[in-house]
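Novice:
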Amino acid sequence: MAPVTPWISMTATELGAALAGLPGWPFGSDVALTRIHAGFTNINWQMEAAGRHYFVKVPGPGTDAFIDRAVANQAALSAASAGVGPAVRFFDSDSGIEISDMLTGHRPTRRDEMNDPHFMGRLFAMYGVLHDGAPLGSTKTLFDMIDEHLEQIAASGRAPLPYQLEVQRRWAPIQRRYVDAGIDLVPGHNDMNPQNYMQAPDGTLKLIDFEYAANTDRYYELGGLVAMYGYDGAVLESLLEAYTGGEVDDGVRARVFLSGIGALVKWGHWSLLNSPVRDADYDYDKHGGGMLLGALSMMFDPRCERALAAL
1 MAPVTPWISM TATELGAALA GLPGWPFGSD VALTRIHAGF TNINWQMEAA
51 GRHYFVKVPG PGTDAFIDRA VANQAALSAA SAGVGPAVRF FDSDSGIEIS
101 DMLTGHRPTR RDEMNDPHFM GRLFAMYGVL HDGAPLGSTK TLFDMIDEHL
151 EQIAASGRAP LPYQLEVQRR WAPIQRRYVD AGIDLVPGHN DMNPQNYMQA
201 PDGTLKLIDF EYAANTDRYY ELGGLVAMYG YDGAVLESLL EAYTGGEVDD
251 GVRARVFLSG IGALVKWGHW SLLNSPVRDA DYDYDKHGGG MLLGALSMMF
301 DPRCERALAA L
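Mapping of the sequence shown onto UniProt numbering: residues 1 to 311, in sequence order.
#1: Would you call histidine 118 buried or exposed, if buried means 16 or more other Cβ atoms sit within 10 Å of its Cβ?
#2: Can you give me the C-alpha to C-alpha distance between leucine 142 and leucine 185, rounded to a whole angstrom?
#3: Which residues mark the beginning and the end of the alpha helix (DSSP H) in which glutamate 14 is found?
#4: Hey, alanine 214 and lysine 140 are a contact pair by Cβ (cut 8 Å); roughly how many whole angstroms apart?
#5: Would you mind sorting threonine 216 into buried or exposed? The rule is 16 or more other CB atoms within 10 Å of its CB.
#6: What does DSSP give as the partner residues of tyrosine 54 in its beta bridges?
#7: For glutamine 74, which option in Val58, Ala65 and Asp92 has the closest C-alpha, if you only look at C-alpha atoms?
#8: Which two residues bound the contiguous beta strand (DSSP E) that contains alanine 65?
#9: Taking valine 31 as part of the beta strand (DSSP E), name the residues at either end of that continuous run.
#10: Using a 10 Å radius around the Cβ and a threshold of 16 neighbouring Cβ atoms, would you call aspartate 301 buried or exposed?
#11: Could you spell out where the beta strand (DSSP E) holding tyrosine 197 opens and where it closes?
#12: How many angstroms separate the CA atom of threonine 11 from the CA atom of glutamine 46?
#13: Return the Cβ separation of glycine 96 and arginine 69 in integer angstroms, given the expectation that the two are a contact with Cβ distance under 8 Å.
#14: Quick check on the DSSP output: what are the complete beta strand (DSSP E) runs of length 3 or more inside the stretch 161–234, in order along the chain?
#15: Give the secondary structure of residue 312 by DSSP, where H, G and I count as helix, E and B as strand, and everything else as coil.
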């Protein structure tokens, strides 16, 4: 039975009592909860029980409309079993509440660290481990997300600017050729926010926040990181070798390049779509426009045609 007070409105005392009443709750009633004022999608708490510290994730209001909590939990369990995510200790399928180990001593990655090739090599290697996991219960590729955003923008009545229409026109045949050449589905995390990459003092990485996890094309996340942070040449080659654990062929290079364009198209349109409804202190229009201009520049790059030919 759902509690009378909504989960997101509970005090620490109320939450502790309500958690203890969940089916299969393994921690007893003697828990101490402290609110963590961070995150956009969930209401987060730190919990101490029997001398150990845990991370409590309470789904934020309205998030059931776009997050499949069962798949997110499946992805978190898979990452934990592969050693690239914190151990998951409890999940309540009705409320979506999830308890995992607190990553004590870890810290979120800073955005400037994404420009460090040595760090990125470790990150690409981590993605290699993640992508080798078992398939998830839901599939949503880069191409699905782009199609969805374009439909949402059209339904909103927003009139794209001429260069934005040019991006859409040029992207459509690239997407068709990529999809026709075949998609290699892997379990993806699908949220390249640097704060999701938690670093231990020894440099070991753990991935957190699997709300957007789904099966996706193998090269979407790699291409997105490469395009957003401007890696190419010998450094890019070393990153791809860190991912594959060996040699890299022209087909891989092609898919990473084209997926990078797609990632800019996807997140550029996401920003345009969210500009009327997100934080007024951040210029989502400018952010999205910049990404779409980046995508357009990559489409005019001679490497784009070479990549399409190598599919």
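We put the CB at the ideal spot given by N, CA and C, even for glycine. Predicted, not measured: the structure shown is a model, and the values here were computed from it.
Specialist: Answer, in terms of the structure:
#1: Residue mapping note: residue 118 aligns to position 118 of the sequence shown, counting from 1. By the neighbour-count rule (16 or more Cβ atoms within 10 Å), histidine 118 is not buried but exposed.
#2: Counting from one through the sequence shown, the residue named residue 142 turns up at place 142. Counting from one through the sequence shown, the residue named residue 185 turns up at place 185. Cα to Cα, the separation comes out at about 11 Å.
#3: Residue numbering aside, residue 14 sits at position 14 when the sequence shown is read from its first letter. 12–20 is the extent of the alpha helix (DSSP H) around glutamate 14.
#4: One-based indexing of the sequence shown puts residue 214 at position 214. One-based indexing of the sequence shown puts residue 140 at position 140. Confirmed, about 4 Å.
#5: The residue labelled residue 216 in the question sits at position 216 within the sequence shown. That one is buried.
#6: Stepping through the sequence shown from its first residue, residue 54 is reached at position 54. Met47 and Asp101, per the DSSP bridge assignment.
#7: The residue given as residue 74 occupies position 74 in the sequence shown. Looking at the Cα atoms, Asp92 is the closest of the given residues.
#8: Sequence index remark: in the sequence shown, residue 65 carries index 65 (1-based). Counting along the chain, alanine 65 falls outside any beta strand (DSSP E), and DSSP gives it neither H nor E.
#9: Here the question's residue 31 lines up with position 31 in the sequence shown. Looking at the DSSP string, the run of the beta strand (DSSP E) that includes valine 31 is 31–36.
#10: Walking along the sequence shown from the start, residue 301 turns up at place 301. When all chains shown are included, aspartate 301 counts as exposed.
#11: Numbered from its first residue, the sequence shown carries residue 197 at position 197. Taken as a continuous stretch (DSSP letters only), the beta strand (DSSP E) holding tyrosine 197 covers 197–199.
#12: As a working mapping, residue 11 is identified with position 11 in the sequence shown. As a working mapping, residue 46 is identified with position 46 in the sequence shown. If I take the Cα positions, the gap works out to 13 Å.
#13: Position 96 of the sequence shown, counted from the first residue, corresponds to residue 96. Position 69 of the sequence shown, counted from the first residue, corresponds to residue 69. Going by Cβ atoms, the distance from glycine 96 to arginine 69 rounds to 4 Å, so yes, they are a contact pair.
#14: 185–188, 197–199, 205–207 and 214–217
#15: Any question about residue 312 goes unanswered here, given that the chain covers just 1 to 311.
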